[in-house]
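From first to last, the protein sequence lines are chains A and B.
Heads up, the first sequence is in our numbering, so the first residue is 1 and it goes up one at a time.
Heads up, the second sequence is in our numbering, so the first residue is 115 and it goes up one at a time.
Only one structure is covered here, and it is reproduced in the block below.
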Amino acid sequence: GAGVSQTPSNKVTEKGKYVELRCDPISGHTALYWYRQSLGQGPEFLIYFQGTGAADDSGLPNDRFFAVRPEGSVSTLKIQRTERGDSAVYLCASSSGTRNSPLHFGNGTRLTVT
Amino acid sequence: DAKTTQPTSMDCAEGRAANLPCNHSTISGNEYVYWYRQIHSQGPQYIIHGLKNNETNEMASLIITEDRKSSTLILPHATLRDTAVYYCILIRGRRALTFGSGTRLQVQP
């Protein structure tokens with residue numbers, strides 16, 4: 001079946017611009033996670049949704065980062081006033097939301113801020 | 115969540131078993147041991163998880179010591195496609211995964 005889909009796969013933007021990254025989770029998965037990964041490091045947690053609400057946004061680095069999931073399915077990660085340090089691979093994952101259910105990851109969006 | 119310690123890198127010959135260790139000496143009673151791997155340019159892939167009993171699935175086996183302070187992921191017949199970074203993660207309930215640096219496994223032909 002279809003896995004987690006992330007679009008675009010690559011995004012190049014100029015410093016100061018606004019970007020949106022999209023995640024389509026596996027159908028029926030109620031939990032959705034955003035991570036970012038810098039070169040040579042493990043993924044870093046950003047935010048976790050259970051349904052439409054953000055259950056844990058403690059990983060968002062600052063108020064330039066925001067994520068929504070208005071209908072409990074597709075999610076958008078929004079970054080305002082991008083900085084060169086935001087360059088990374090942004091990963092999305094979903095799970096069934098039941099206790100200890102594994103996460104299924106997409107292949108990420110590679111964001112480059114020039 | 116408790117921290118894990120893994121070797122930075124390991125090599126394994128193709129066709130042989132790959133045994134990847136993980137230390138988690140401060141694990142608490144309700145924390146599960148999860149293993150994920152990440153092949154170059156892909157998102158992490160779930161492999162297996164367990165609480166206290168050994169587990170086996172089509173991908174791998176997970177051996178957890180009786181005191182739960184360490185575990186070993188076993189890939190019984192490693193192939194070149196198993197070359198990846200392997201992450202050992204502790205988690206309880208619905209909390210988000212916290213990834214460390216993992217073990218870079220290189221399967222040699």
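By construction, the Cβ of each residue, glycine as well, lies at the ideal position given by its N, Cα and C atoms.
This structure is a prediction, so every number in the text was calculated from the model and none was measured.
>> Classify B/Q152: buried if its beta carbon has 16 or more other beta carbons within 10 angstroms, exposed otherwise.
In response: For the purposes of this step, residue 152 of chain B is taken as residue 38 along the second sequence, with counting starting at 1. B/Q152 comes out buried.
> Buried or exposed: B/T119, going by 16 or more other Cβ atoms within 10 Å of its Cβ?
Replying inline: Reading the second sequence from its first residue, position 5 is the one you call residue 119 of chain B. Classification of B/T119: exposed, given that the 10 Å Cβ count is below 16.
>> Along the chain, where does the beta strand (DSSP E) containing B/D125 start, and where does it finish?
In response: Translated into positions along the second sequence, residue 125 of chain B becomes position 11. Element bounds for B/D125: 123-127.
> If we count Cβ pairs, one from each stretch, closer than 8 Å, do we get three or more for the stretch 39-48 of chain A versus the stretch 136-148 of chain B?
Replying inline: no
>> Is there a C-beta anywhere in chain A that falls below 7 Å from the one on B/Y146?
In response: Taking the second sequence and counting its residues from 1, one reaches residue 146 of chain B at position 32. Yes, B/Y146 lies at the interface with chain A (some Cβ there is under 7 Å from its Cβ).
>> Taking 7 Å as the limit between beta carbons, can you name the residues of its chain near A/G16, skipping five residues before and five after?
In response: To locate residue 16 of chain A, count along the first sequence from 1; it is residue 16. Cβ neighbours of A/G16 beyond the five flanking positions: R81, T82.
> If we count the other Cβ atoms within 10 Å of its Cβ and call it buried at 16 or more, is A/L46 buried or exposed?
Replying inline: As a first step, residue 46 of chain A is located in the first sequence; it is residue number 46 there, counting from the start. Under this definition A/L46 is a buried residue.
> So the beta strand (DSSP E) A/F45 belongs to, where does it begin and stop?
Replying inline: Indexing the first sequence from 1 puts residue 45 of chain A at position 45. Counting along the chain, the beta strand (DSSP E) containing A/F45 begins and ends at 44-50.
> Rounded to a whole number of angstroms, what is the C-alpha to C-alpha distance between B/I203 and B/Y146?
Replying inline: Residue numbering aside, residue 203 of chain B sits at position 89 when the second sequence is read from its first letter. Residue numbering aside, residue 146 of chain B sits at position 32 when the second sequence is read from its first letter. So the alpha carbons of these two residues sit roughly 8 Å apart.
> To the nearest whole angstrom, what separates the beta carbons of B/T217 and B/S123, a pair I think is in contact under 8 Å?
Replying inline: Counting from one through the second sequence, the residue named residue 217 of chain B turns up at place 103. Counting from one through the second sequence, the residue named residue 123 of chain B turns up at place 9. With a Cβ gap of about 7 Å, B/T217 and B/S123 count as contacting.
> Looking only at DSSP bridge pairs, what is A/Y35 linked to?
Replying inline: Along the first sequence, one-based indexing puts residue 35 of chain A at 35. Per DSSP, A/F45, A/L91.
>> Beta carbons nearer than 8 Å to chain B: which residues of the stretch 46-74 of chain A have them?
In response: Y48, Q50, A55, D56, G59
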